[in-house]
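Quick mapping for you: the protein sequence lines, in order, are chains D and U. Read left to right, the first sequence gives residues 2 to 127 (the numbering used here). Read left to right, the second sequence gives residues 2 to 127 (the numbering used here). Note that beta-carbon positions come from the ideal geometry of N, C-alpha and C, so glycine has one too. Everything numeric in this text was worked out from a predicted model, so none of it was measured. Working notes, structure below.
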Amino acid sequence: MEFRSPIKEARGLGASHHGTSHWWAQRVTAIGMVPLMLWLVVGLAANAGGTHADAVAWLGHPVNAVIMVVLFGVLFYHASLGLQVVLEDYVSHKGVRLGIVLGVRFLALLLATTAIFAVLTIALGG
Amino acid sequence: MSTDNRPLSPHLQVYRLPFTAITSISHRISGVLLAGGALVLVYWVVATAAGPQSYATASAILGSLPVQVLLFLWTFVLFYHLCNGIRHLFWDAGYGFELQTAERSGQAVIAGAAVLTLLAWLIALV
Numbered sequence: 002m003e004f005r006s007p008i009k010e011a012r013g014l015g016a017s018h019h020g021t022s023h024w025w026a027q028r029v030t031a032i033g034m035v036p037l038m039l040w041l042v043v044g045l046a047a048n049a050g051g052t053h054a055d056a057v058a059w060l061g062h063p064v065n066a067v068i069m070v071v072l073f074g075v076l077f078y079h080a081s082l083g084l085q086v087v088l089e090d091y092v093s094h095k096g097v098r099l100g101i102v103l104g105v106r107f108l109a110l111l112l113a114t115t116a117i118f119a120v121l122t123i124a125l126g127g
Numbered sequence: 002m003s004t005d006n007r008p009l010s011p012h013l014q015v016y017r018l019p020f021t022a023i024t025s026i027s028h029r030i031s032g033v034l035l036a037g038g039a040l041v042l043v044y045w046v047v048a049t050a051a052g053p054q055s056y057a058t059a060s061a062i063l064g065s066l067p068v069q070v071l072l073f074l075w076t077f078v079l080f081y082h083l084c085n086g087i088r089h090l091f092w093d094a095g096y097g098f099e100l101q102t103a104e105r106s107g108q109a110v111i112a113g114a115a116v117l118t119l120l121a122w123l124i125a126l127v
C-alpha cells in the first residue's frame with residue numbers, strides 16, 4: 002500500500018520549482034564578472050613587474066581590497082557552476098559525477114576563502 | 002517502435018564543425034582553462050600576503066619567459082570567454098540567432114579578444 006502522493010514521490014528527484022536557478026546564477030555571475038575581470042586585468046597589467054611594496058599598496062588599498070574579495074567570491078562561484086555543467090555532460094557514471102562535482106565545489110570554496118583571507122591579511126596590515 | 006531510422010547527431014570524427022560550433026566548444030574549453038588560471042591568481046595573492054621573499058619567488062616564476070607566454074595566451078583565453086560570454090547573453094535574451102549574425106558576432110568576438118589582449122599587454126609592458 003502506497004500512502005505517499007505522486008507529488009511527494011517526485012519532489013526532490015528533479016528540478017521542482019528551481020530548475021532555472023543554476024542557469025540564472027550562471028548568468029548573474031557572468032554579468033558581474035565582466036567589469037570585475039576588466040578591472041583585474043588593467044590592475045595586474047599596471048602592477049606587472051612591480052616590487053612587493055607596490056603589490057601590497059595596490060591590494061591593500063581599501064577599494065581594491067573590497068573589489069578583490071568580491072571578485073574571488075564571484076569568480077569561484079561562476080567557475081564551480083560552469084565546471085559542474087561540463088562534468089554533468091561528460092561524466093556518465095552517477096556516483097563518480099556526484100563525487101567530482103562535490104569535490105569541485107569544496108575546492109572552489111577553499112580557494113576562494115584562501116584568496117580572500119590573503120587579501121584581508123594584506124589590507125588589514127597582517 | 003523502430004529506432005533504426007532516427008536522425009543521429011553529427012559524428013565528430015568525420016564532421017567538419019561549422020565556425021559557430023567551434024566558437025561554442027571553445028567557450029567551454031576556455032572556461033575550464035580559466036578555472037585553472039584562477040589557481041595562478043590565488044597563488045600570486047597568497048605569495049604577496051606571505052611576504053617579500055615568497056613574492057620575489059612568485060615574481061621570478063611569473064616573470065620567466067615560458068610563463069609569460071602562457072600568461073599572454075591566458076589573457077587571450079580570458080578575453081575570448083568574456084566576449085563570447087556577452088555573445089551568449091545576447092542569445093539568452095533572444096537576439097542574434099540568424100546564421101549570418103551568429104557568424105559575424107563570432108568573428109567580432111575573436112577580433113575583440115585579440116585587441117583587448119594586445120591592449121592589456123601594452124599597459125603591462127609600457
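Within its own chain, the residues whose Cβ lies closer than 7 Å to the Cβ of U/T24, once the five positions on either side in sequence are excluded, are N85, G107, V110, listed in chain order. Taking 8 Å as the upper bound for CB-CB distance, U/G32 and D/G83 are in contact here, some 5 Å apart. Distances from the alpha-carbon of U/A57 to those of D/G61, D/G74, D/A58, D/T52 put D/T52 closest. Non-local beta-carbon contacts of D/Q85 in its own chain, meaning distances under 8 Å to residues more than five positions away in sequence, involve H23, V102, V105, R106 in chain order.
Per DSSP, the unbroken alpha helix (DSSP H) holding D/F77 starts and ends at 63 to 91. Within the model, the alpha-carbon separation for D/F77 versus D/L99 is close to 18 Å. With fewer than three CB-CB distances shorter than 8 Å, the segment 21 to 40 of chain D does not count as touching the segment 13 to 28 of chain U. Among the residues facing chain U, D/L88 is not included, as its CB has no counterpart in that chain under 8 Å away. Judged by their CB atoms, U/I62 and D/A46 are not nearer to each other than the 8 Å cut-off.
Excluding five sequence positions before and after D/G61, the CB atoms of its chain that fall closer than 8 Å to its own CB belong to I123, A124, G126, given in chain order. Annotated as proximal: D/L72 and D/L41, with beta-carbon spacing under 8 Å. Taking a beta-carbon distance threshold of 8 Å, D/L37 does not count as an interface residue toward chain U.
By the Cβ neighbour-count rule, U/V15 is exposed, with fewer than 16 other Cβ atoms within 10 Å of its own. Distances from the CA of U/Y81 to each of U/V47, U/R7, U/I30 were compared; the closest alpha carbon is that of U/I30.
For U/Y96, the closest Cβ of chain D is not nearer than 8 Å. Within chain U, no C-beta atom comes less than 7 Å from the C-beta of D/L110; the nearest is roughly 12 Å away. At a C-beta separation below 8 Å, D/H94 has no neighbours in chain U, since its nearest C-beta there lies roughly 19 Å away.
For D/I101, the nearest beta carbon of chain U is not closer than 8 Å to its own beta carbon. For U/V116, the closest alpha carbon among the candidates U/L83, U/A59, U/P53, U/T102 is that of U/L83. Under the Cβ distance rule, U/L9 does not count among the residues neighbouring chain D, no pair being separated by less than 8 Å.
For U/P67, the nearest beta carbon of chain D is not closer than 8 Å to its own beta carbon. Counting every other CB atom within 10 Å of its CB across the protein chains shown gives D/S81 a total of 16 or more, marking it as buried.
For U/R88 and U/G113, the gap between their C-alpha atoms comes out near 12 Å.
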